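Structure record follows, encoded as C-alpha cells.
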Amino acid sequence: MMSASECVGAILILGRCNENIYAAARLYAETYPDRNAPSAKTIERMVLRARETRSFHRTPRRQNPQAAQRNEANQNAVLAAVTANPQISISRIARNMGIHRSTVHKILQSHKFHPYRVNLVHDLHGEDFNSRIRSCNWFNEKINEDP
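Residue numbering for the sequence shown follows UniProt numbering, beginning at 1 and increasing consecutively.
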C-alpha cells in the first residue's frame with residue numbers, strides 16, 4: 001500500500017504525462033527506482049478512488065450482514081427457541097425472528113447443536129422385531145465388553 005505522499009507523487013507524475021497512466025507508471029518507476037513502482041492499473045484505481053472519495057485511503061469493507069446478525073441477542077433467542085421446542089425447524093426459527101436461515105444454522109453449529117427431526121413410527125412391520133432384537137443383543141455385547 002502506498003503512503004499518501006507516494007500517491008500524491010504518482011498523481012503529479014500522471015499530470016505531467018497528460019493523464020496517460022501507462023506513461024505515468026513508467027516515469028514513476030524511472031523517477032523513484034528505490035520504491036516499488038505501482039502498475040498502471042494501480043494508478044488508475046488510485047485516481048478513481050481519489051475522485052470518488054476525495055481520499056487516497058481505501059474505505060473499510062462493510063461487515064458481512066449475516067455476521068452482524070450473529071450477535072449475542074440473536075444467539076440467545078435462537079438457543080432459547082431450540083431449548084423450548086427441540087422439534088422446531090431452522091426455517092421456522094428464521095421466519096419467527098426475521099433473520100436468515102443460514103444465520104440460524106451457523107448459530108446452532110457454533111453451539112454444537114445438530115439439526116435433526118424425530119420420525120414417529122406408528123406401527124411395526126414383520127422384520128422390525130428381528131432387527132430390534134439384533135440391535136439389543138449388539139448393545140448388550142458392547143456393554144459387557146466395556147463395563
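Glycine included, every Cβ here is placed at the ideal spot set by N, Cα and C.
Predicted model, so just to flag it, every value in this text is computed and none were measured.
Assuming the contact rule is C-beta atoms closer than 8 Å, residue i and residue j should be a hit. Round their C-beta distance to whole Å, please.
| i | j | result |
| --- | --- | --- |
| Ala-81 | Ile-88 | 6 Å |
| Gln-69 | Ile-99 | 5 Å |
| Arg-35 | Glu-72 | Not confirmed; about 46 Å, so no contact. |
| Ala-10 | Pro-33 | 15 Å between Cβ atoms; not a contact. |
So, using beta-carbon positions, are residue i and residue j closer together than 8 Å?
| i | j | result |
| --- | --- | --- |
| Ala-24 | Ile-13 | yes |
| Ala-40 | Tyr-22 | yes |
| Met-97 | Asn-74 | yes |
| His-111 | Leu-79 | yes |
Could you tell me whether the Cβ of residue i comes closer than 8 Å to any Cβ of chain D?
| i | result |
| --- | --- |
| Ala-40 | No chain D is present in this structure, which holds just one protein chain. |
Tell me which residues share the same chain as residue i and place their Cβ nearer than 8 Å to its Cβ, disregarding the 5 neighbours each side in the sequence.
| i | result |
| --- | --- |
| Asn-144 | none |
| Val-118 | Gln-87 |
Starting from the Cα of residue i, find the closest Cα among the options and give me that residue.
| i | options | result |
| --- | --- | --- |
| Asn-85 | Glu-19, Glu-52, Asn-130, Tyr-116 | Tyr-116 |
| Gly-15 | Arg-54, Glu-44, Asn-119 | Glu-44 |
| Asn-20 | Thr-31, Met-1, Val-47 | Val-47 |
| Met-1 | Phe-129, Asp-123, His-57, Ile-133 | His-57 |
Tell me which residues share the same chain as residue i and place their Cβ nearer than 6 Å to its Cβ, disregarding the 5 neighbours each side in the sequence.
| i | result |
| --- | --- |
| Thr-42 | none |
| Tyr-28 | Ala-10, Ile-13, Ala-37 |
| Val-8 | none |
Quiz item: Taking three-plus beta-carbon pairs below 8 Å as touching, is the region 131-141 in contact with the region 103-116?
Solution: Counting C-beta pairs closer than 8 Å gives fewer than three between the region 131-141 and the region 103-116, which falls short of the contact rule.
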